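*Asks:* Residue numbers (our numbering), protein chains in the order written: chain A, 1 to 174; chain B, 1 to 174. By construction, the Cβ of each residue, glycine as well, lies at the ideal position given by its N, Cα and C atoms. This structure is a prediction, so every number in the text was calculated from the model and none was measured. Sharing a structure with you now.
Protein chains: 2
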Amino acid sequence: MALKSDYATQECSIARTLEVIGERWTLLLLRDCFLGLRRFSDFQRHLGIPKAVLTARLETLVEAGVLERHEYRAGRHEYLVSEKGLDLWPALHALNRWGNENLSPDGPRSYYLHAECGSLLEAGGFCAKCRRLPGPAEVEYRPGPGRARKPGPPEPVEQALRNGHRLLEPLVLD
Amino acid sequence: MALKSDYATQECSIARTLEVIGERWTLLLLRDCFLGLRRFSDFQRHLGIPKAVLTARLETLVEAGVLERHEYRAGRHEYLVSEKGLDLWPALHALNRWGNENLSPDGPRSYYLHAECGSLLEAGGFCAKCRRLPGPAEVEYRPGPGRARKPGPPEPVEQALRNGHRLLEPLVLD
Chain A
1 MALKSDYATQ
11 ECSIARTLEV
21 IGERWTLLLL
31 RDCFLGLRRF
41 SDFQRHLGIP
51 KAVLTARLET
61 LVEAGVLERH
71 EYRAGRHEYL
81 VSEKGLDLWP
91 ALHALNRWGN
101 ENLSPDGPRS
111 YYLHAECGSL
121 LEAGGFCAKC
131 RRLPGPAEVE
141 YRPGPGRARK
151 PGPPEPVEQA
161 LRNGHRLLEP
171 LVLD
Chain B
1 MALKSDYATQ
11 ECSIARTLEV
21 IGERWTLLLL
31 RDCFLGLRRF
41 SDFQRHLGIP
51 KAVLTARLET
61 LVEAGVLERH
71 EYRAGRHEYL
81 VSEKGLDLWP
91 ALHALNRWGN
101 ENLSPDGPRS
111 YYLHAECGSL
121 LEAGGFCAKC
131 RRLPGPAEVE
141 YRPGPGRARK
151 PGPPEPVEQA
161 LRNGHRLLEP
171 LVLD
């Protein structure tokens, strides 16, 4: 893959990582992939971004080997997080945790638990009870009290996540 | 602080975090702060970005309480990572680690060690030997073999870091 040179002067692995996942919306798209969304139309509905932007972001992630594109039915594709993409879990968890701790006056917007033991993950995605770092497939998402209650019917992804959800398992939308 | 609404439709702590640190260059500026750079002119020289961009990024981080601006001599200021900013260490480490593992065919560009025991930090910034997550002030940076050797004299920050450096300690440039 030809890396773009947004940070060409920076001889640094953070800069290299940002060349792949630092564009606007990419990290939120990856969050949706970890939450179990897989299809273009679902990403588009949840993120509410122009189709051209979503297409470009998905292409970058597939080219970089972070997502894999599969045909699940003739002419229909879905996007799954690759092994390489799964390694981004500690970064996503860390960014989420920081927002919950510092920018959520009404309490966390989300919880991530080690499903096996039920403990909340700590900094770094670490399970203090089991003294190890569970992979994302071992993690359960639960909505937190800091989520704003919007008027009107809940948004489909919100609705599907309301009782918690194991990361990476397909999220079935109503 | 009035949050910008780049991701206004996204009720999510990752989105909120990105409102603060997701702008172009901000994470690399933070990386420099963790490495011990503190002054406007040093950031500017190392990042090579326009002064107006650097000024705007520093203002955002100070407003968000991630950096603290101190007068170290009449009319001269430096920027230090706040307690809230220190909590971003797991995110920076995770982004760096992913780049080293996935985008550095010539080996890691950098190493981060738990200074006390000398172990390389693992995923999540975890020290497997001590079975805990060292804070950034306990971490030592060392340059890795994946750094490209550029022709000509080394860049000042590169030069100051060549023998390793404890994070957050002031970096003295030649």
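#1: Using a beta-carbon distance below 8 Å, is B/Val139 in contact with chain A?
#2: Would you mind stating whether A/Leu103 and A/Tyr111 have Cβ atoms separated by less than 8 Å?
#3: Return the residues of the region 141-160 of chain A that lie within a Cβ-Cβ distance of less than 9 Å from chain B, sorted by chain order.
#4: Leaving out five residues on either side along the sequence, give the residues of the same chain with a beta carbon under 7 Å from the beta carbon of A/Gly107.
#5: Any beta carbon of chain B sitting closer than 8 Å to that of A/Arg31?
#6: If the cut-off is 9 Å on Cβ atoms, which residues from the region 4-19 of chain B count as contacting chain A, listed in chain order?
#7: Which residue or residues does DSSP assign as beta-bridge partners of A/Cys127?
#8: Under 8 Å Cβ to Cβ from B/Cys127, same chain only, skipping five residues before and after it: list those, please.
#9: Between the C-alpha atoms of A/Leu28 and A/Gly125, what's the straight-line distance to the nearest angstrom?
#10: Assuming B/Arg45 is part of the alpha helix (DSSP H), what are its boundary residues?
#11: Determine, using beta carbons only, whether B/Asn96 comes closer than 8 Å to chain A.
#12: What span of residues does the alpha helix (DSSP H) with A/Pro156 cover, start to end?
#13: Going by beta-carbon coordinates alone, are B/Pro170 and B/Arg45 separated by less than 8 Å?
#14: Considering just the uninterrupted stretch of the beta strand (DSSP E) at B/Thr80, what are its terminal residues?
#15: Anyone know if the C-beta pair for B/Arg57 and B/Trp25 falls short of 8 Å?
#16: Could you name the residues that DSSP lists as bridge partners for B/Pro143?
#17: By the 8 Å beta-carbon criterion, what residues does the region 115-130 of chain B contribute toward chain A?
#18: Just to confirm, are A/Glu71 and A/His77 a CB contact at a threshold of 8 Å?
#19: Compare the C-beta of A/Ala2 with all C-beta atoms of chain B and state if any pair is closer than 8 Å.
*Replies:* According to the structure data:
#1: Within the second sequence, numbered from 1, the residue matching residue 139 of chain B stands at position 139. By this cut-off, B/Val139 is not an interface position.
#2: In the first sequence, the residue the question calls residue 103 of chain A occupies position 103. In the first sequence, the residue the question calls residue 111 of chain A occupies position 111. The answer is no: Cβ separation not under 8 Å.
#3: Gly144, Gly146, Arg147, Ala148, Lys150, Glu155, Glu158
#4: Taking the first sequence and counting its residues from 1, one reaches residue 107 of chain A at position 107. Excluding residues within five positions, the ones whose Cβ falls inside 7 Å are Gly144, Pro145, Gly146.
#5: Mapped onto the first sequence, residue 31 of chain A falls at position 31. True, the Cβ-Cβ gap to chain B drops below 8 Å.
#6: Asp6, Tyr7, Thr9, Gln10, Glu11, Cys12, Ser13, Ile14, Ala15, Arg16, Thr17, Leu18, Glu19
#7: The residue given as residue 127 of chain A occupies position 127 in the first sequence. A/Arg132.
#8: For this step, residue 127 of chain B is matched to residue 127 along the second sequence. Counting only Cβ-Cβ distances below 8 Å, and skipping sequence neighbours, we find His114, Cys117, Ser119, Leu121, Leu133, Pro134.
#9: Counting from 1 along the first sequence, the entry for residue 28 of chain A is found at position 28. Counting from 1 along the first sequence, the entry for residue 125 of chain A is found at position 125. Using only the alpha carbons, I get a separation of about 18 Å.
#10: Translated into positions along the second sequence, residue 45 of chain B becomes position 45. It spans 40-47 - the alpha helix (DSSP H) in which B/Arg45 sits, taken as one unbroken run.
#11: Working through the second sequence from its first residue, we reach residue 96 of chain B at position 96. Cβ-Cβ to chain A under 8 Å: yes for B/Asn96.
#12: The residue you call residue 156 of chain A lines up with position 156 of the first sequence. That run of the alpha helix (DSSP H) goes 156-161.
#13: Counted from its first residue, the second sequence places residue 170 of chain B at position 170. Counted from its first residue, the second sequence places residue 45 of chain B at position 45. In this structure, B/Arg45 does not lie closer than 8 Å to B/Pro170 by Cβ.
#14: Numbered from 1 along the second sequence, position 80 holds the residue referred to as residue 80 of chain B. The identity of residue 80 of chain B in the sequence shown is Leu, whereas the question assumes Thr. Segment 76-81, the beta strand (DSSP E) holding B/Leu80.
#15: Counting from one through the second sequence, the residue named residue 57 of chain B turns up at place 57. Counting from one through the second sequence, the residue named residue 25 of chain B turns up at place 25. Closer than 8 Å, so yes.
#16: Looking up residue 143 of chain B in the second sequence gives position 143. Answer by DSSP bridge pairing, in chain order: B/Ser110.
#17: Glu122, Ala123, Gly124, Gly125, Phe126
#18: Here residue 71 of chain A is taken as the residue at index 71 of the first sequence, counted from 1. Here residue 77 of chain A is taken as the residue at index 77 of the first sequence, counted from 1. Yes. Within cutoff.
#19: As a working note, residue 2 of chain A is residue 2 in the first sequence. Because A/Ala2 sits at a pLDDT of 41, beneath the cut-off of 50, its placement in the model cannot be relied upon, and the point is left open.
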